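Below is one structure, written out as structure tokens; comments come after it.
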Amino acid sequence: MDDLVIPAKDEKEGLEKLREVLEVASKYGLEMKFKKCQFLRRKVEFLGHVVENGTIHPSIAKTIAVKKFPVPTTVKQVQSFLGLTGYFRKFIPAYSQIAKPLSDLTRKDNSFMFEQPQMEAIEKLKKLLTESPVLSIFQQGRTTELHTDTSQQGYGAILLQEAEDGKLHPVQYMSQKTTPAEEKYSSYELEVLAVVNALKKFRTYLLGNHFKIITDCSAFQKTMDKKDLVTRVARWTLLLEEYDYEIVHRSGQRMQHVDALSRYPVTIITSDTLTARLQRAQQEDENIQNLKSLIGTNNATDFFIKNEILYKYVDGRELIAAPRDMQTELIKLAHEKGHFSSAKTEEIILLDLCRLPTKRYQHILTIIDAFTKFTWLYPVKSTTLEDALDKLKLQQKTFGSPKRIITDKGCPFNSKGFDDYCTEEKIQNLQITTGVPRGNGQVERIHRTLIPVLTKLSIDDPTKWYKFVDRLQRILNSTSNRSTKWSRFELLTGVTMRNKEDLYLRNLLMEEMVEELQEQRNQLRQDAKRNIQKIQAENKRTYDRKRKKAPGYQKGDLVAIQRTQFGSGLKLRPKFLGPYKVIEVKPRDRYNLERVGNHEKVLN
């Protein structure tokens, strides 16, 4: 539980309610950190709003992107500012009159002279744009849109929601500079990055709500359906999966309000960022304050202050002076992110926290439940039958034997030992045709996503990719699926995956709520089945428009086989091999063939 707000009309009522809350907390063993508590305040900031004397207005963090918009020095910058403010002109009375001094600067016959009238117009428009009735308070269930745009300089976004007047009002603005590394991204990657960062920024508003993403990048519409994705984009798509959204393309002319925020970004530090927490923690740390007071003397030549944070030069690197209260958090972040720049932190991670294994793995064995899509990822040292059966038997201990197994024709699955295992366990073994990976499409799609992500995560040491597999599996199975509308974990267990420190699942088992859990799971699965069938029907209609029914053949027919694999030196060979004679007709459009003549054999 976080940020508990207790409203009251006066001091007496406030004390009575506080006593009730503290009694309940004491009864159920809830602990509160006294240093973080604030009592009988007339003004508090909560969920991006300032509550003061019976009124609510947006906090400065929500409007700083507009308030800090730089003073224009060129005609182009004036046009950008007018594009931003003009989008919301319907909410600003007498907008044209207020903006006239700025509009006059954009005329070809006028010289650019930015004087007092122009400055007053800028300040007045900023003020009107960042307070009611323009800026709206977010409300659940209303039509919501996320407008994003990007440039080499930065990216911007505006969260809008339909108000009582039936018009879209801005809820919050975002503007952020691109880093030196991001400046090298392609325009397409920057557009995706803008959306991803906007979703992170507005996560508390958007999660669990349906909304539209409005962008002028037509390529972004097809991102989720692409077969091959750029590595970093593949990683970002995992973050998009948990949201319920639709993408709408809109021309750049109609996106000038966001374009201005992306081309003239400002650096924003809000109260919940790591930077802000570091600033506060350093201010409260006595040792760090003593070090700050020594800067400029011979006793602290290696220390310096940047953005109100104390750093130290170590071997040519800029390292943060970690306050005592945040050392555990910073070590944890370093462990999870894998790139925190502190020599001491690296030593702790390698020796005390990680204890990195020395074994080497070469492959991933992927097992997917076809209905719930729940995925198990097993790093294995080789593709031997023993490794494959070892993992399958591990599954069997928990879930029993499946009815069917669909595999490719890899070495372990094409062996007699695997056939014997399936026969003994009464499992139907279906193998896809060589060169037609869509026969096992669920696994292929997972691999197309996972391989680039693992490559990125293990860039410092590619041999240690297996360290990230468990973490990736957890993220994958706890993310909502677009077809079922639930996460794989929810469909398999009936509950939402929780972090390891959450006691929800343990309490659930202790209270023996097995029967209720089963009923909930059955209902989830019925709903998921309907959603899957709906998506499959839509996909079938799309697929059928481009395909026709495969021709049927009879025993004794002569046929040719289309070549599906072109290795080195085979590109100029005939596209079809044959003739072959059909000697057996099998279910699902499969045939056993016999070569006629001495032509090239099919390698299968």
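Residues in the sequence shown are numbered consecutively from 1, following the UniProt record's numbering. We treat Cβ as the ideally placed atom computed from N, Cα and C, and that holds for glycine. Just so it is clear, the structure is predicted and the values come from calculations on it, not from any experiment.
Apart from the five residues on each side of it in sequence, which residues of its chain come closer than 7 Å, Cβ to Cβ, to Glu13?
-> none
Given Ser401, which residues of its chain have a CB within under 6 Å of its CB, disregarding the five upstream and five downstream residues?
-> Glu425 and Ile427
Cβ-Cβ separation, Leu377 to Gln473 (assumed contact under 8 Å), whole Å | 5 Å
With Leu102 and Val75 assumed to form a contact (beta carbons below 8 Å), what rounded beta-carbon distance in angstroms separates them?
-> Contact flag wrong, Cβ pair sits at about 10 Å.
If you draw a straight line from the C-alpha of Tyr421 to the C-alpha of Tyr361, how long is it?
-> 25 Å
Would a C-beta distance cut-off of 8 Å place Leu294 and Ile320 closer than the cut-off?
-> no
Pro579 - containing beta strand (DSSP E), residue span | Phe576 to Lys586
Three-state secondary structure (DSSP) at Ala560?
-> strand
How close, in whole Å, do the beta carbons of Phe202 and Leu238 come, if the pair is a contact with beta carbons under 8 Å?
-> Their Cβ separation, rounded to whole angstroms, is 18 Å, which puts Phe202 and Leu238 out of contact at 8 Å.
Would you mind reading off the limits of the alpha helix (DSSP H) that contains Gln289?
-> Glu286 to Leu294
For Ile364, the nearest candidate out of Phe399, Tyr28 and Arg448 (CA to CA) = Arg448
Curious, which full-length alpha helix (DSSP H) runs of at least 4 residues does the segment 162-214 contain?
-> 187-201 and 203-206
So Ala198 packs on Thr148, CB below 8 Å; how close in whole Å?
-> 5 Å
When the Cα atoms are used, what is the spatial distance from Lys43 to Glu31?
-> 24 Å
Can you list, in chain order, the residues of its chain whose CB lies under 8 Å from that of Val71, leaving out five sequence neighbours each side?
-> Phe114, Met119 and Ile122
How is Ser487 classed by DSSP in three states: helix, strand or coil?
-> strand
What residues match up with Ile368 in a beta bridge as DSSP calls it?
-> Thr375
Throw me the rounded Cβ distance for the Leu492 and Thr372 pair, which I believe falls under 8 Å.
-> 5 Å
Which residue comes first and which comes last in the alpha helix (DSSP H) that contains Ala390?
-> Note on identity: in this sequence residue 390 is Asp, with Ala being the wrong assignment. Note, Asp390: alpha helix (DSSP H), Leu385 to Phe399.
Test item: CB-CB of Asp69 and Lys126 under 8 Å = At residue 69 the sequence reads Phe, which differs from the Asp that was named. Yes, these two residues count as a Cβ contact at 8 Å.
What is the DSSP secondary structure of Gly410, reduced to helix, strand or coil?
-> coil
Ile309 versus Arg324: straight-line alpha-carbon distance, rounded | 14 Å
Look at Pro579 and Gly597 and say whether their C-beta atoms are less than 8 Å apart.
-> yes
Cβ pair Asp461, Gln431 closer than 8 Å | no
Compute the Euclidean distance between the alpha carbons of Ile6 and Gly141, then round it to the nearest angstrom.
-> 25 Å
Indicate the three-state DSSP secondary structure (helix, strand or coil) for Ala157 in the structure shown.
-> strand
What is the rounded straight-line gap between the Cα of Arg525 and the Cα of Ile535?
-> 15 Å
Taking Cβ to Cβ, would you say Asn539 is nearer than 8 Å to Lys485?
-> no
Whose C-beta lies closer than 8 Å to the C-beta of Gly410 among residues of the same chain, with five residues either side of it excluded?
-> Thr383
Measure the alpha-carbon distance for Lys397 versus Ala528 and round it to whole angstroms.
-> 26 Å
Check whether the Cβ atoms of Leu193 and Thr144 lie closer than 8 Å to each other.
-> no
Is Leu593 closer than 8 Å to Lys575 when the C-beta atoms are compared?
-> no
Nearest-angstrom beta carbon gap, Gln176 and Tyr205 [assumed within contact, 8 Å] = Rounded, the Cβ-Cβ distance is 17 Å, inconsistent with contact.
Would you kindly check if the distance between the Cβ of Ile446 and the Cβ of Thr366 is under 8 Å?
-> yes
Phe303, enclosing alpha helix (DSSP H) - first and last residue | Not the alpha helix (DSSP H): Phe303 falls in the beta strand (DSSP E), residues Phe303 to Lys306.
Sort Val443, Leu146, Leu558 and Arg250 by Cα distance to Ile368 and report the nearest one.
-> Val443
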